[in-house]
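According to the numbering used here, the sequence shown is numbered sequentially starting from 189.
This report concerns only the one structure given below.
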Amino acid sequence: MQLKKNFLNEKICLFLILFFSIIFNYHSGNRGVFPADSFAFFDSGQRILNGQFPFKDYWVVSGPFIDYFQAFLFSLFGINWQVYILQASIINSLFAISTFFFLKELGLKSVSNCFYCVSLSILAYPVSGTPFVDQHSAFLSIIGIYIFIFALKENKNIYWLLLPFIFGFAFLSKQVPAAYLLISMFVVLIYNFFFNNRKNNIKVLRLIIASSLFFLLLLIIILKLSEININSFIQQYLLYPLSIGESRIENYKINFYNFFIKYKLIHLFFIPYTFFNIFKLIKIKNYYKSFNFILFLSIFLLAISLITHQLLTKNQNFIFFLIPLMAALTHIEVNKISQKPKLILLSLIIFLCFFSTAKYYKRFNLDRKFHELTYVNFDNTTLAKKIDKKLLGLNWITPETQTKADSLNEVNMLVDTKSVLAKDNRKKMLISHYAFFSTILKQDLNAPSRWYPMDGTAFPIKGNKYFNSYKIFFKNIILDKEIEVIYITKDMSKNIIFNYLNRECFKKEIIFPYLLAYSVKKDCEDFNSKS
Numbered sequence: 189m190q191l192k193k194n195f196l197n198e199k200i201c202l203f204l205i206l207f208f209s210i211i212f213n214y215h216s217g218n219r220g221v222f223p224a225d226s227f228a229f230f231d232s233g234q235r236i237l238n239g240q241f242p243f244k245d246y247w248v249v250s251g252p253f254i255d256y257f258q259a260f261l262f263s264l265f266g267i268n269w270q271v272y273i274l275q276a277s278i279i280n281s282l283f284a285i286s287t288f289f290f291l292k293e294l295g296l297k298s299v300s301n302c303f304y305c306v307s308l309s310i311l312a313y314p315v316s317g318t319p320f321v322d323q324h325s326a327f328l329s330i331i332g333i334y335i336f337i338f339a340l341k342e343n344k345n346i347y348w349l350l351l352p353f354i355f356g357f358a359f360l361s362k363q364v365p366a367a368y369l370l371i372s373m374f375v376v377l378i379y380n381f382f383f384n385n386r387k388n389n390i391k392v393l394r395l396i397i398a399s400s401l402f403f404l405l406l407l408i409i410i411l412k413l414s415e416i417n418i419n420s421f422i423q424q425y426l427l428y429p430l431s432i433g434e435s436r437i438e439n440y441k442i443n444f445y446n447f448f449i450k451y452k453l454i455h456l457f458f459i460p461y462t463f464f465n466i467f468k469l470i471k472i473k474n475y476y477k478s479f480n481f482i483l484f485l486s487i488f489l490l491a492i493s494l495i496t497h498q499l500l501t502k503n504q505n506f507i508f509f510l511i512p513l514m515a516a517l518t519h520i521e522v523n524k525i526s527q528k529p530k531l532i533l534l535s536l537i538i539f540l541c542f543f544s545t546a547k548y549y550k551r552f553n554l555d556r557k558f559h560e561l562t563y564v565n566f567d568n569t570t571l572a573k574k575i576d577k578k579l580l581g582l583n584w585i586t587p588e589t590q591t592k593a594d595s596l597n598e599v600n601m602l603v604d605t606k607s608v609l610a611k612d613n614r615k616k617m618l619i620s621h622y623a624f625f626s627t628i629l630k631q632d633l634n635a636p637s638r639w640y641p642m643d644g645t646a647f648p649i650k651g652n653k654y655f656n657s658y659k660i661f662f663k664n665i666i667l668d669k670e671i672e673v674i675y676i677t678k679d680m681s682k683n684i685i686f687n688y689l690n691r692e693c694f695k696k697e698i699i700f701p702y703l704l705a706y707s708v709k710k711d712c713e714d715f716n717s718k719s
């Protein structure tokens, strides 16, 4: 009878976690946009269905796994905004449910487990709502850490075989934090090897190496089938991002405020969790050899890696989901102490977790801080379906919106842009943060990059050793696709073209104040031959 009751409790918990993971993410994903980030994978998912691929047809520094996953979802459910949000909702659900089974394995009861996992699902992907590289990389990597811990505890071959695939997908979402967490896992694995059966260690290494080689083989096959040059993949995805990362690490200065005060509510649980384990390390003989210490070491390095990544990245904060995760792990530790202070401490942990979740839910999910929408009035939204029915469900508002009229004007501007592009039968390229026109028009608009910041984080700028590589890449797209005109929208700098190609090779035309066209002069010396 008790077993049946526990099973029903678990099923109810899983349903609630799944429900909240999806509903909160859909609410956020439909609540305004930050064009540069919100549409990053919308057109690219459709481009893959049309036979255009990353590294070959557009410059990519992160996110190819997300492109292919989005193309898969579009092929199954149709191409529209709600299917676009579905990818983020799936990863959010997978992360929250994996956390539930992870905490269950550590002995956390279903009701408490459900509370922490629902809290985690509210603070995980909904801060963005739409597919984003950092979240994909972090959440898939953490699922990899869970599998690694299961593998250490149960020593099942399937877990060791899964690890390279999970971390591979995480790395192909974004190189970091996946690389940091992968290194952390290997540090723990090596530490564990010193206190484990040597024969078993060899078996584990064989399984990991075999699975890694199989994953690499599949990656090479996919690159070949997509006609992607392996050298292009290596340069765009490995070498060029390393040149960005080197400068960030050189300029990185750790200080007390950045590491502790900025993330004080994470440390509110992380520090007690750490002290519990340090105390055991001192008091319990051979604790450093135990599974529980290996678990602690894994979680410690996980938290440190994510905080360090957050401090190095230029993106908005997204790691406050660590609050419910660390609260749950601290809850498990408190559960092991004597009865008298336990109920008070557990109540305090639950209250602080609830308070923190509510605080960051308002800041990131309601106020949409991650997408720079903190200071807009959401009463000024306009229905995005006015632009196209594929955007049905999205409430349009952007960071620049001050009034309802601003929102309507932007939507009307995009409707006008859509009309101009639809009527122009020339082979064209569109450079814009509004990366959805290719999809809604069912046209190849041949965008040369996923993002267009002018700071060198998405493609090389002058001074970077890969500048000429991107210049050649850009020019060859124009030649290969026989581009006759390049359109750019008001959110773009003209230097996005003229830093790489001669201004004299184009004839400028002002279509609207917010839309420019540059006709390509094919007799220009820049376009005489491919490089």
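Just so you know, even glycine gets a beta-carbon here, dropped at the ideal spot from N, CA and C.
Q) Tell me which same chain residues have a C-beta within less than 6 Å of the C-beta of LEU580, skipping the five on either side of it? A) Counting only Cβ-Cβ distances below 6 Å, and skipping sequence neighbours, we find LYS573.
Q: Count the other CB atoms, across all protein chains shown, that sit within 10 Å of the CB of ALA398; report buried if there are 16 or more and exposed otherwise.
A: exposed
(Q) Assuming TYR304 and PRO512 are in contact, meaning their beta carbons sit under 8 Å apart, how far apart are those beta carbons, in whole angstroms? (A) 5 Å
Q. Would GLU560 pass as a contact of PHE222 if the rule is Cβ separation under 7 Å?
A. yes
Q. Under a three-way DSSP split, which group does VAL221 fall into?
A. coil
Q: Tell me, please, whether the CB atom of ASP255 is closer than 7 Å to any CB atom in chain B?
A: You won't find chain B in this structure, because it holds only one protein chain.
Q | Neighbourhood of TYR688 by C-beta distance below 8 Å, restricted to the same chain and skipping five residues each side | A | Within the same chain, Cβ atoms closer than 8 Å to the Cβ of TYR688 are found at TYR658, LYS659, PHE662 and LYS663, the five residues on either side in sequence being excluded.
Q | Touch test, the stretch 592-609 against the stretch 638-646, Cβ-Cβ under 8 Å, three pairs minimum | A | no
Q: Look at ASN683 and ASP714 and say whether their C-beta atoms are less than 7 Å apart.
A: no
**Q.** Continuous beta strand (DSSP E) stretch holding LYS695: start and end
**A.** 694-700
Q | Residue closest to ILE482, alpha-carbon to alpha-carbon, out of ILE337, ASN417 and VAL392 | A | ILE337
Q. According to DSSP, is ALA623 helix, strand or coil?
A. Looking at ALA623 - three-state DSSP - the assignment turns out to be coil, as it is neither helix nor strand.
**Q.** Segment limits, alpha helix (DSSP H) that includes SER486
**A.** For SER486, the enclosing alpha helix (DSSP H) has its first and last residue at 479-500.
Q: Output yes or no for whether 7 Å exceeds the beta carbon distance between ASN568 and THR589.
A: Against a cut-off of 7 Å, the Cβ pair of THR589 and ASN568 comes out as a contact.
Q: Indicate the three-state DSSP secondary structure (helix, strand or coil) for SER316 in the structure shown.
A: coil
(Q) I want to know whether the stretch 304-320 touches the stretch 343-357 - three or more CB-CB distances under 8 Å. (A) no
Q) If we ignore side chains and look at the alpha-carbon of each, how far apart do PHE353 and GLY332 end up? A) 9 Å
(Q) Taking the straight line between their C-alpha atoms, what separation do you get for PHE543 and LEU536? (A) PHE543 and LEU536: Cα-Cα distance of roughly 10 Å.
Q) What are the partner residues of LYS616, as DSSP defines its beta bridges? A) VAL673
Q: Please work out which residues of its chain come closer than 7 Å, Cβ to Cβ, to LEU206, disregarding the five sequence neighbours upstream and downstream, and give them in chain order.
A: SER281 and ILE285
Q.
Assuming contact is defined by CB atoms lying nearer than 7 Å, are LEU489 and SER372 in contact in what I supplied?
A. A contact, by the Cβ cut-off of 7 Å.
Q. For the stretch 508-522 against the stretch 285-298, are there 3 or more C-beta pairs whose distance is under 8 Å?
A. Contact between the stretch 508-522 and the stretch 285-298 is present, because at least three Cβ pairs lie under 8 Å.
Q.
For LYS149 and PRO429, what's the separation of their Cα atoms in angstroms?
A. Outside the displayed range of the chain (189 to 719) lies residue 149, so it cannot be described from this structure.
(Q) Rounding to the nearest angstrom, what Cα-Cα distance links ALA491 and ASP668 in this structure? (A) One C-alpha to the other measures close to 46 Å.
**Q.** C-beta atoms of ASN268 and ASN583 nearer than 7 Å
**A.** no
Q: Since I believe LEU618 is in contact with LEU602 (beta carbons under 8 Å), could you give me their beta-carbon distance rounded to a whole number of angstroms?
A: Between the beta-carbon of LEU602 and that of LEU618 there is about 12 Å, and that puts the pair past the 8 Å contact cut.
Q) Where does the unbroken alpha helix (DSSP H) through SER277 begin, and where does it stop? A) Following the DSSP letters along the chain, one finds SER277 inside the alpha helix (DSSP H) bounded by residues 269-293.
Q) Near LEU328, which residues of its chain fall below 7 Å by C-beta distance, leaving aside the five closest residues on each side in sequence? A) ILE354, PHE357, ALA358 and SER361
Q: Please say whether LEU202 and PHE509 have beta carbons closer to each other than 7 Å?
A: Cβ atoms of PHE509 and LEU202: not closer than 7 Å.
Q: Mind checking which residues open and close the beta strand (DSSP E) that includes LEU704?
A: 703-708
Q: Pull up the distance between the alpha-carbon of ASN465 and that of ILE525, whole angstroms please.
A: Straight-line spacing of the CA atoms in ASN465 and ILE525 works out to 13 Å.
(Q) If you measure between the beta carbons of ILE628 and VAL599, is that distance less than 7 Å? (A) no
**Q.** ILE236 vs ALA259 beta-carbon contact at 7 Å
**A.** In contact: ILE236 and ALA259 (Cβ atoms closer than 7 Å).
Q.
Does PRO352 come out as helix, strand or coil in the three-state DSSP assignment?
A. helix
Q) By how many angstroms is the C-alpha of ASN389 removed from the C-alpha of PRO252? A) 33 Å
Q.
With distance defined between alpha-carbon atoms, name the residue in PHE230, SER309, LYS297 and ILE699 nearest to GLN270.
A. PHE230
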